[in-house]
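If you use mature numbering (1 follows the signal peptide of the UniProt record, and there is no 0), the sequence shown corresponds to residues -19 to -1, 1 to 531, in order. Built from N, CA and C at the ideal position, the CB exists for glycine as well. Structure, as structure tokens:
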Amino acid sequence: MKRLSILLYSLLFLFAACEKDETRVQLTADATPAVITTSETELSQPINAESLDDQLDIRWEEAAYGVTTEVTYTLEVDAACRDFTQPVALGSTARNTFAMTLSELNARLVSDLKLAPHREATVQLRITSALNGKFPQTSEVRTFTITPWSEQPLALWLAGGENAPGIYTTDDDQYEGYVYLQNNQSFRFAESPTCPNTTYSQGALAATLDAGENAPAITVAEEGYYKVNTDINGLTYQLTKTDWGLIGTATAGGWNSSTEMTYDEATRTWRVTTDLNSGALKFRANNAWDLNYGPANSDELAGTLAQTDAAININEPANYTIVLDFNRGAAPYNYTYQVIRNADIGTPATLWIPGGYQASGGDPSQSDALTIYALPGTNDKIFEGYVSIAGPTWIKFTSAPDWGHINYGSAGENALSVDGAAAGIDVPLAGYYRVQVNIEALTYRLDKIDSWGLIGTATPGSWDSSTPMAYDATSKTWSKTVNLVNGALKFRANNGWDINYGPASDQLQGTLTSTDAAVSISEPGSYTVRVDFTRSTAPYLYTYTVIKNP
């Protein structure tokens, strides 16, 4: 404490020397941290769809420094099982109160702390005070219990860290999902990816579960994509290895043999680009009928899947890219499909984006190097893409996944140099960016995208305010489940009009373009709307889907 007082006296002496008219500040001998006065009960407010806009007020007694200069307070939370080894900041203030909505708190719990929705969690809160970023004092920890909320169904995770895959409820205590399992991979079913709480491991008999702490992990002998089912009441599980294909009169094999699809590990989807005839289209596993899906609506080229005799109606022969998505962790929380008619374009040219954000420190040959693609009709001169960059960092652009070909560094603001020794381009903030590069004019542009939203007369905000979408880092898509009315629907960034898109044609799924046109919503109801700016797979364009929920 004596050392802190000496430092503070020194600081005040410096202020007095530099500011002739500054009022002399008095110090006390005993500096004390803030004291949280908000009760555990107040912090444990129930979070649900109806309470998201409710306000949470966090209060505390001010820290004592013995000076009248402004004190900054930073509020942090962490899961109790981690004991502030990975804290998340709620915000900072110079006052002794801090207000946030339950929606904002819930986002920190689910998105940042990776706590399991719908399961009670123990969370810790602390407040750190500081003078101009120095002399920190930390309050005692206030521990409380809270249950995060999400539209996402209740889940079990295949334990192995916060990025563990999840399977989701289909009925009381029964879960189902599809996950890719590596050779000899072992796992347990856990109630949370962050603080496992109850876990379910291999039972004494095959395909049974044991909730005991000393039970062995479950293992798979063969790598592959598995349908996973568990029954927590019955303490049983089932793993079914699957390979997916197309079947039906629209396909080359008719009803006799499946057209194989390929698993895309990056997006965790099954895909195939193929010619289709007019006719029927379904999906089945393992070239057999034991496990198969059709559409909830036969006339929709994008929608939710169901176990049904129905098939998708393909009305126009053409080349299509078909995507099968069994990830229920993002809206609409159902298995979905897309049948996208391809434009007459090939695989676009690529620019790689190596940088300091990479584990290697900047290597375009590594799998974590970001990429963007040439825009159609620009003769491979203008490239554009949307990427998440972990900043602050530097980046460069390379014409190949190595440093031996042309690479582009900084020649000043928004200008590029082909000198291999040129400095990297500074990216001061982490975020989601639109990246534009003109390799002929040697220019670039980075636009930070803080949000994508829905706009138009079909949306709650009409043309006045955007309905915000949520970013899913796994699929690299933006989505929103929302009630829409008859009217127009477009997409725009940052709640403004500088960057916005409409449909290339007025359908409920397709490609995006810069246009005044809008998607026409002709039937009111609940929809899940998704936009995909990845461009790494056919049709190599920005795409959208508007799926009416059951």
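- Message: Using the Cβ count rule (16 or more neighbours within 10 Å means buried), how would you classify S466?
- Response: Sequence inspection shows Val at residue 466; the Ser mentioned does not correspond to that position. Exposed, since its Cβ has fewer than 16 Cβ neighbours within 10 Å.
- Message: On the criterion of 16 or more Cβ atoms from any shown chain inside 10 Å, does K362 qualify as buried, or is it exposed?
- Response: exposed
- Where N481 falls: helix, strand or coil (DSSP): strand
- Query: G215: buried (16+ other C-beta within 10 angstroms of its C-beta) or exposed?
  - Reply: exposed
- Task: Take R123 as the anchor and find which of Q105, E132, P117 has the nearest alpha-carbon.
- Result: Q105
- Message: Going by the DSSP bridge assignment, what does S447 pair with across the sheet?
- Response: The partner list for S447 (beta bridge, DSSP) is empty, contrary to what the question assumes.
- Use the C-beta contact count for E51: other C-beta atoms within 10 angstroms, 16 or more gives buried, fewer gives exposed. exposed
- Smallest Cα separation from P129: which of D479, N87, P531? N87
- Item | Residue from V253, I420, F307 with nearest C-alpha to W333 | I420
- Compute the Euclidean distance between the alpha carbons of N395 and R76, then round it to the nearest angstrom. 40 Å
- Message: Using only the alpha-carbon positions, how far apart do T221 and S167 sit?
- Response: 16 Å
- Quick one: what does DSSP say R169 is sitting in, helix, strand or coil? coil
- Query: First and last residue of the beta strand (DSSP E) that includes A299?
  - Reply: 299 to 306
- Task: Counting only the same chain and skipping the five closest in sequence on each side, list residues whose C-beta sits under 6 Å from that of D154.
- Result: I213, N214
- Item | Counterpart residues of T109 in DSSP-defined beta bridges | T55, T119
- Message: Just to confirm my understanding: we take T374, look at its own chain, exclude 5 residues before and 5 after, and list those with CB closer than 7 Å. What are they?
- Response: G336, G337, Y338, V408
- Message: Less than 6 Å between C-beta atoms, sequence neighbours within five positions excluded: which residues of the same chain meet that for T19?
- Response: I39, R40
- Quick one: using the 10 Å Cβ neighbour count with 16 as the cut-off for buried, is N481 buried or exposed? buried
- Where D93 sits in the DSSP three-state scheme: helix
- Taking all protein chains shown into account, decide if Q490 is buried (16 or more other Cβ within 10 angstroms of its Cβ) or exposed. buried
- Message: Let me check understanding here. Comparing Cα to Cα, which of L83, R100, R63, V253 lies closest to L300?
- Response: One detail in the question is off: residue 300 reads as Asn in this sequence, not Leu. It is V253 whose Cα lies nearest to the Cα of N300.
- Buried or exposed by the 16-neighbour rule on C-beta atoms within 10 Å, applied to Q163: exposed
- Message: With H, G and I counted as helix, E and B as strand and the rest as coil, what does DSSP make of N388?
- Response: strand
- Between the region 337 to 353 and the region 366 to 381, are three or more C-beta pairs nearer than 8 Å? yes
- Query: If we call anything under 8 Å between Cβ atoms a contact, is T462 one with T524?
  - Reply: no
- Item | For E42, the three-state DSSP class (helix, strand or coil) | strand
- Item | N- and C-terminal bounds of the alpha helix (DSSP H) containing L71 | Premise fails: L71 lies in the beta strand (DSSP E), 69 to 74, not in any alpha helix (DSSP H).
- Message: Within the continuous alpha helix (DSSP H) that includes N87, where are the two ends?
- Response: 83 to 88
- Message: Quick check on the DSSP output: the beta strand (DSSP E) that includes L24 runs from which residue to which?
- Response: Note, L24: premise wrong, no beta strand (DSSP E); alpha helix (DSSP H) at 21 to 24.
- Task: Name the one or two DSSP bridge partners that V399 has.
- Result: Answer is none; V399 lacks a bridge partner.
- Item | Which of helix, strand or coil DSSP assigns to L8 | For L8, the predicted model reports a pLDDT of 42, less than 50, meaning its position is unreliable; a value from the coordinates is still stated below. The answer is coil: DSSP assigns L8 none of H, G, I, E or B.
- Where S456 falls: helix, strand or coil (DSSP): coil
- Message: Please return the same chain residues whose Cβ sits closer than 6 Å to the Cβ of S(-10), not counting the five positions on each side in sequence.
- Response: No answer about S(-10) holds up, because its pLDDT of 43 lies below 50 and its placement is not dependable.
- Query: Could you check where the beta strand (DSSP E) with T13 kicks off and where it finishes?
  - Reply: Note, T13: premise wrong, no beta strand (DSSP E); not H, not E.
- Task: Could you work out which residue in V209, W478, T458 is closest to G437 when comparing CA atoms only?
- Result: W478
- V399: buried (16+ other C-beta within 10 angstroms of its C-beta) or exposed? exposed
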